[in-house]
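Read through the structure below, which is laid out as C-alpha cells, and then see the notes.
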Amino acid sequence: MELKASGVKKVFQRAGGRRFSAVETLDFALPPKTLTEITGRSGSGKSTLLLMLAGLLPPSEGKVTLDGRDLYALTDGELSKLRNEKITLIPQEHSALASLTVLENVLLPDALYGRAADEARAMNLLERLGIGALWDEMPSALSGGELRRAAIARALYQDTPVLLADEPTGDLDEENTKRVLQILREEAQGGKAVLLVTHEASAQAYADKVYRMDGGICRADDCNSGNDTVQ
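Numbered per the numbering used here, the sequence shown spans residues 34 to 264.
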C-alpha cells in the first residue's frame, strides 16, 4: 500500500489578499516497509505536506492517492472511513480526552467504531513507551511528555498500514526520544509506510530516506537518501 502525492501544491491567502505557497509543486511517494523522514526549520512546509498526505488538508493543486484512490475525490464519509482503516496521524498537539483514563484513551478508536477492545495489546504498547504504570491515571495527572507518549500509544494501537508522525518527540527527553524513534523504526520494518516529520537531528540514524524542506521546496538529503529525488 503506497501513499502518493502527485503535483501537489498548497497556497494560502493572507489578510489583504496576499498569497503564499506553503508547499511548492512536488511529487512524493511514501512506500511500505520504509521510514521516511522530512526535516527542516519551522515554517518550511513539512507539516503542511504531512496534513495533505493525511487527508486533512486539500491541496490547492494536484492529488493525493492511496493505492490509486484519490483521497480528496472521496465523500466526507468515505474519506473518514479510509483514514480510520488505513492512515493514522500522531499530531503535534496532545489529544487525550480529559474524562478518560490513559488506557481508555488508547482504546478510544475501538469505542468509536464499535470494535472489540484488546486491552492486553494496549497495555503492551504503554509498557513499550515507558508509561505502563500510568494506565489508570487521568490525563490531568500526566506531564507533557507522558501525554505525548499516550498519544503515540493510541496511534500505534490503531495499527493502520500508513503512520504519519508530526514532531512526535517534541516533548521528550533523550531516552524517550530514542525509545519512540526505535518503535517507529520497528513499525516500518514490520511493513508499514511511516512518515516522520521532525527537527530531531538523531532521527536520521533511524530513517531509510531523508528529505529536507525549505521554503516549501522538498529535496532529498544527500547524506542518507542516495539518488532519491522529489520533483
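A virtual CB, placed ideally from N, CA and C, is assigned to each residue, including glycine.
When burial is assigned at 16 or more other CB atoms within 10 Å of the CB, is residue i buried or exposed?
i, result
"G147", "exposed"
"S258", "Low local confidence applies: a pLDDT of 37 at S258 is under 50, so the model's placement there is unreliable, and no value is given."
"T231", "buried"
"K114", "exposed"
"E126", "exposed"
"A144", "exposed"
What does the alpha-carbon distance come out to for the pair residue i and residue j?
i, j, result
"L86", "K37", "8 Å"
"E160", "Q215", "14 Å"
"C251", "L122", "21 Å"
"V135", "L167", "7 Å"
"D60", "R116", "21 Å"
"L158", "Q46", "41 Å"
"L196", "E137", "21 Å"
"D206", "V227", "22 Å"
"P172", "T81", "28 Å"
"E208", "E220", "19 Å"
If residue i and residue j are in contact, beta carbons under 8 Å, what's the gap, nearest whole angstrom?
i, j, result
"T202", "E233", "5 Å"
"A186", "V139", "5 Å"
"K225", "P64", "Not confirmed; about 10 Å, so no contact."
"I71", "Y244", "5 Å"
"G249", "A55", "6 Å"
"A188", "L229", "That pair is no contact at about 12 Å."
"D241", "T69", "7 Å"
"G78", "K42", "Actually they do not touch by this definition, with Cβ atoms about 10 Å apart."
Tell me the residue span of the beta strand (DSSP E) that contains residue i.
i, result
"Y244", "K242 to D247"
"R52", "R52 to L63"
"S39", "L36 to Q46"
Provide the residue span of the alpha helix (DSSP H) that contains residue i, from first to last.
i, result
"K114", "D109 to K119"
I want to know whether the stretch 105-115 touches the stretch 73-92 - three or more CB-CB distances under 8 Å. Result yes; three or more Cβ-Cβ pairs closer than 8 Å.
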